[in-house]
Every structure is written in C-alpha cells, then in structure tokens.
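Worksheet for the structure shown next.
In the working numbering, the protein residues as written are 2 to 130.
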C-alpha cells in the first residue's frame, strides 16, 4: 500500500489556508474548525510517515501517541488541546448553552487558533523532513 503521508500533509496546509480565508471573511467559527482539521491531518501525516496509522480526532492524543522516539513538547500538546476544543462546538448550535456557533467565536480565537495550528504543522514538517 502506498504511503499517503504527503497527501495528508498537503491537505493540512490547504485546511490552514481555509482557516486564514475564513478569518479574513469574519467567519471565525469556521476558521477555528479549519485549524483543528489542519492540525489533525498534519499529525496523521506524521503517523503515516512513521509507518503507523492513527485514528480519532483528538489532536493532543494523536501527538501523545507518536512513537517515543519523537519528542513532543508539552506546550505543543497544550496548544493542541485548545484546537481540540474547536472540533464540535464551532459547528453545532447545541455545542453551547445558547446561540449559534458564529456568535461564540471572534478574531481573538481565530488568530490564536491559526498560530497554534501553524506550530503543529511546522513541528510535523520538521519531523517529516
């Protein structure tokens, strides 16, 4: 079976571009969701690059489940936890006590989320080089 790591990584980059585009359009909930997707796909790319398959959507766990030979800084895992918080409530109205998702996310969250996703992607890129 072909190793699809580069396909996953390229899509992670594309998802990060989508996050940036969404932020520019003031669709901060979508920007935050896209950053989660970018980080998730990047880390899954690294798993594939290392010859293992990864399942699930929790970026922090995906980072922790990398082989012991891959040193992951605890601060990066903490940033992944922030991104994990954008997986469901950015898309579904029942993710918050009231209000539509777009009413709960703004420029502050999307700016931070893009920076965190970029850090995850840069980490993965360095490990795949």
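Ideal placement from N, C-alpha and C gives every residue a C-beta, glycine not left out.
Here residue 66 has 55 as same chain residues with Cβ atoms under 7 Å from its own Cβ, once five neighbours each way along the sequence are excluded. In the three-state DSSP reduction, residue 4 falls in the coil class, being neither helix nor strand.
When Cβ pairs closer than 8 Å are counted between the two stretches, the segment 91–108 is seen not to touch the segment 62–76, the count staying below three. Per DSSP, residue 122 is one residue of the alpha helix (DSSP H) stretching across 108–129. DSSP, reduced to helix, strand and coil, places residue 28 outside both helices and strands of the structure shown, so it counts as coil. Judged by their CB atoms, residue 46 and residue 6 are nearer to each other than the 8 Å cut-off. Looking at 37, 127 and 113, the one whose alpha-carbon comes closest to that of residue 73 is 127. Between the alpha carbons of residue 96 and residue 102 lies a distance of about 8 Å.
Shown here, residue 52 sits in coil according to DSSP, grouped into three states, outside any helix or strand. Scanning its chain for C-beta atoms nearer than 8 Å, with the 5 sequence neighbours on each side dropped, one finds around residue 117 the residues 36, 40, 80, 81, 83 and 84, in chain order.
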